[in-house]
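Every number in our numbering is 218 more than the matching position in the sequence shown, counting from 1. Accompanying notes for the structure given below.
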Amino acid sequence: MTDFSAIDITEAKKLLSQKQITATELTEFFIKQIEEKKELNCFITNTFDIALKMAKESDEKIQKGSDLGILEGIPIGMKDLFCTDGVKTTAGSKMLENFVPFYESTVSQNLWKNGAIMLGKTNMDEFAMGSANTTSFFGNVLNPIRSDDQKDLVPGGSSGGSAAAVASGQCFAATGSDTGGSIRQPASFCGLVGFKPTYGRCSRFGMVAFASSLDQAGPITKTVSDAALMLQSMCSYDDKDSTSSKKLIPNFSDYKKFDLKGKKIGLPNEYIIEGLNEEIKKKFDQCINIFKDCGAELIDITLPHTNYALPTYYIIAPAEASANLARYDGVRYGLRENSENLDDLYQTTRASGFGDEVKRRLIIGTYVLSAGYYDAYYLKALKVRQLISNDFKNAFEKCDLILTPTTPNVAFPIGEKQNDPLEMYLNDVLTVPASLAGLPAISVSAGNNNNNLPIGMQIIGRPFEEISVLAAGSAIELSKV
Ligand code: GLN
């Protein structure tokens, strides 16, 4: 069997259209990979029968040469946060262990309409809360990349199953969702490309909600070119999501024509934080030189409220989560525990259905929204969020793009930071600001550290200017730092 794990979607599309390979061959190859790499625990549910049926349909279309989608015949993983009609959707939680939706999320629907093939539903932190994929009810996901000392490392989170599946060649690409970094951080830990588009580009319809004002879908891929293709398919205006954007969706692959010459790239001094790993800092400096070589102008900028982004996020996200997750009451969705009366039903169901991290967030969320503390915490956080957005607005008057590292550290061993939630939350310190401001941001791999672990660089752009972000990501990718 040919090894398809070495090629990306862009190359596979070429081979499919030249009829050198079939979608069925691709699908069978990835099914074998998924079976052989079970120990990484990337998938919660396999959908091999569906995949083979979809592949057959794609092959028929390719034979006829008509009706072809932009992802025709391309097998992918679907984060288990996207509702899939008739296929279990758990959000990594015991609460939804047996939940089978009877409708399809808009993002997954768009992908199937474009010919993508569903191999299965990927593992994730429970309700997308986490940075290490260690909060899933279905167990930890292992990073396929190992450090030189051979420890088991986290793949990042919350889209850890998606990232580990792509990195280990179990699918060409996978969907992710990013509330505070869950696409970019795992992509960074697994040496991949992760793209969070502008808030509103992808519909949230059918995505299990975490924090609605922040949640945004996006792809995790091997290359920037693949990210553009996945994005093209995932984005759409949707009247089923009131925050979905009506902005024209460009041809994202046009990033290849975007010239960085003369563009201004901002370097926010606040992002070179204390505790930033030396080797990451070194890669950051190398990336500055890459952009200089492209003819871009590098300028120092300031985002003065950066320090407040993490505490602001960890008030707003839990507040919204506590409202969104109120629906899991033992009556309407998923798990229902035996009980004596209604109050008891709520309590026993929620006590047994949610894991520790989710409970922690729900307690924080209800606390900051409670009558006595609403003004002091939640309202204050909303105001600071606006200041953070204004910081970016001001910065983008001076520059076109912003370059930062994606994370302050590389992938760490499973178990580390587990007993210290604050340590864990610090992982998101560089990704959360763009989420609060709803800006498009990519993470691309900038090579490895001395211990052979990938380092990710982040590029943040103006709202709806995904093309320039992809172009800058591609510059780093092409330079092979
Ligand atoms: N790690 C962050 C958190 O735990 C971000 C999660 C996400 O983006 N879904 O909330």
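Idealized CB from N, CA, C, for every residue including glycine.
The DSSP assignment places 391-396, 411-414, 434-439 as complete runs of the beta strand (DSSP E) inside the region 378-464, in order along the chain (cut-off: 3 residues). Taking 3 residues as the minimum length, the beta strand (DSSP E) runs contained wholly in the region 311-351 are 335-340, in order along the chain. Residue environment: E695 is assigned as buried (16 or more neighbouring CB atoms within 10 Å of its CB, all protein chains considered). Here the C-alpha atom of A429 lies approximately 15 Å from the C-alpha atom of S460.
With distances taken between CA atoms, Q238 lies nearest to G291 out of G291, C260, K255. For L654 against I606, the beta-carbon gap comes to about 5 Å, under 8 Å, which counts as contact.
Taking 4 residues as the minimum length, the alpha helix (DSSP H) runs contained wholly in the region 234-304 are 241-254, 266-282, in order along the chain. Taking 8 Å as the upper bound for CB-CB distance, V411 and V662 are in contact here, some 5 Å apart. Leaving aside the five residues that flank F509 on each side, the residues in its chain whose CB is nearer than 8 Å to its CB run, in chain order, L478, I483, L516, L621, A690, A693.
Shown here, V662 sits in a strand according to DSSP, grouped into three states. DSSP places P486 outside any alpha helix (DSSP H); the residue lies instead in the beta strand (DSSP E), whose first and last residues are 482-486.
Closest in C-alpha terms to T524, from the list G394, F610, N668, comes F610.
Within the chosen limit of 7 Å, ligand 1 reaches the beta carbon of T397 through at least one heavy atom. Judged by the Cβ position, M347 qualifies as a neighbour of ligand 1 at the 7 Å threshold, a heavy atom of the ligand being closer than this. Here the C-alpha atom of K499 lies approximately 13 Å from the C-alpha atom of P486.
Between S386 and L258 the beta-carbon gap is near 6 Å, inside 8 Å, which marks them as a contact.
Per the Cβ contact rule, the region 360-370 is not in contact with the region 333-350 (fewer than 3 Cβ pairs under 8 Å). Less than 8 Å divides the Cβ of I673 from the Cβ of V628.
By the Cβ-count criterion, I581 is exposed, with fewer than 16 other Cβ atoms from all chains shown falling within 10 Å of its own Cβ. Look at S400: its beta carbon is less than 7 Å from one of the heavy atoms in ligand 1.
CA-to-CA, the gap between G287 and N351 works out to about 32 Å.
Taking Q251 as the centre and dropping the five residues before and after it, the same chain places the C-beta of G387, Q388 closer than 6 Å to its C-beta, in chain order.
In the DSSP secondary-structure assignment, E575 is not bridged to any residue. Close CB contacts of E555 within its chain, under the 6 Å cut and outside five residues either way in sequence, are with T566, T567, S570 (chain order).
Ligand 1 has no heavy atom closer than 7 Å to the beta-carbon of F300. In the DSSP secondary-structure assignment, D618 is not bridged to any residue. Here P631 carries a strand assignment [DSSP, helix/strand/coil].
Remark: the shortest separation between the CB of F428 and any heavy atom of ligand 1 falls under 7 Å. Proximity of the beta carbon of A535 to ligand 1 is indicated: a heavy atom of the ligand is located closer than 7 Å. Here the alpha carbons of A383 and K255 stand approximately 9 Å from one another. Proximity of the region 265-281 to the region 307-319 falls short of the contact definition, fewer than three beta-carbon pairs being nearer than 8 Å.
Short note on G310: C-beta not closer than 7 Å to any heavy atom of ligand 1.
Proximity of the beta carbon of G375 to ligand 1 is indicated: a heavy atom of the ligand is located closer than 7 Å.
Exposed is the label assigned to F320, since fewer than 16 other Cβ atoms lie within 10 Å of its Cβ. Annotation for D646 indicates a beta carbon within 7 Å of some heavy atom of ligand 1. Shown here, I677 sits in a strand according to DSSP, grouped into three states.
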